[in-house]
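In UniProt numbering, the protein residues as written are 1 to 242.
Here's the structure, in structure tokens; my notes come after.
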Amino acid sequence: MPASSKQNAADLFRFEWGIYRKLTSTGLFGHVEVAEVLEREISARFPAPFSILELACGDATVTSSVLSRCPVSTYRGIDLSAMALSLARSNFAAAPFPVTLEETDMLAALSPENTGPVDVIWCGLSLHHLPQDEKRQLFALARNALRKGGMMAVYEPVLPDGLTRDAFMARMAGELRQAWAVLAPDEFDHMWQHINSFDFPETLDGWKSLGLAAGFAQAQEVFRLTGPMPCSFLVYEAGPSH
Ligand SMILES: C[S@@+](CC[C@H](N)C(=O)[O-])C[C@H]1O[C@@H](n2cnc3c(N)ncnc32)[C@H](O)[C@@H]1O
């Protein structure tokens, strides 16, 4: 794992989690809609108990709420931040299913020696931190870790077609400051520094191709948050064969 990933996770929790929570709790990342879509996509496929692995679970606010209404057999959440996992532990305190929380890296968590077969893999707002070759590895490992009929779901920022990352960042800088007026100027500056250093969004076709190249049978966008930082919820079907 590159030092930047560790630095990213550590910084996020030490300095930025309160700022991030301001954005999520005021709906600026569409988490109400994301929860609805996650529940709908899971319920449509898994009427019977299913296992779920959440990558970069953070405090698991969305997932702990959604899964309280689903027939979960086991939940495993992984994150690089011990502080995140401690908040996630509290959020899952009343869960009626076994919960495992591990302080580890996403790629390591998915390696065949560290994971058994699982029905659902879910990751929100975290894969865009990886460089492209690590995104490729992650999708390949996720595809291998899924059971027949399994699903991977991700919710990630999308690079608009026809823009380079640099042009996108330049356009976003001013627009986001306005859209995120709930943040104090120094909070925005801190968040912007993080985005500018660590965010590597793919185009919608790029996100789909990562899954299809890894052997997923289908990749479909099922929800899009519009605005200066568009984010897509994508579902990847493992398909009938393995
Ligand atoms: C923007 S937060 C998203 C949290 C949560 N998934 C959500 O949607 O609210 C990013 C999370 O990714 C974690 N993280 C960053 N790099 C990671 C890595 N390589 N492996 C595991 N977790 C990582 C951070 O600690 C943080 O909890």
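Cβ coordinates follow ideal geometry from the N, Cα and C atoms, glycine included.
Buried versus exposed, by CB contacts within 10 Å (16 or more), residue i
i	result
G27	exposed
W207	buried
A60	buried
A3	No answer about A3 holds up, because its pLDDT of 49 lies below 50 and its placement is not dependable.
T115	buried
A167	exposed
P201	buried
E54	buried
K148	exposed
R76	buried
T63	buried
P157	buried
A181	exposed
A217	exposed
V32	exposed
residue 286	Limits of the chain in this structure are 1 at one end and 242 at the other, which puts residue 286 out of reach.
A84	buried
S126	buried
E113	exposed
S51	buried
D199	buried
E36	exposed
A56	buried
R143	buried
E175	exposed
G124	buried
G58	buried
P131	exposed
S86	exposed
D205	exposed
A82	exposed
D161	exposed
Bounding residues of the alpha helix (DSSP H) (the contiguous stretch that carries residue i)
i	result
M229	Where M229 is concerned, there is no enclosing alpha helix (DSSP H), given that its DSSP letter is neither H nor E.
F216	Neither: F216 is in no alpha helix (DSSP H) and is coded neither H nor E.
W17	W17 to S25
G174	R165 to A179
H31	H31 to R45
L85	A82 to N91
residue 250	In the structure displayed, the chain extends from 1 to 242; residue 250 sits before or after that span and is not available.
Residue i - containing beta strand (DSSP E), residue span
i	result
W192	No beta strand (DSSP E) contains W192, which is instead part of the alpha helix (DSSP H) from P185 to F198.
L53	F50 to L55
Sheet register partners of residue i (DSSP bridge)
i	result
T100	R76
A153	W122 and V235
R224	S232
L146	V118
V62	BP columns for V62 are empty, so no partner.
E202	V158
Beta carbon proximity, residue i to chain C, threshold 9 Å
i	result
R21	The structure shown has no chain C; it contains just one protein chain.
Segment contact flag, the region 66-76 with the region 84-97, C-beta cutoff 8 Å, min 3 pairs: yes
At least 3 beta-carbon pairs within less than 8 Å: the region 233-240 vs the region 180-195: In this structure the region 233-240 does not touch the region 180-195; the number of beta carbon pairs closer than 8 Å is below three.
Any contact of the region 159-179 with the region 129-137, i.e. 3+ C-beta pairs under 8 Å? no
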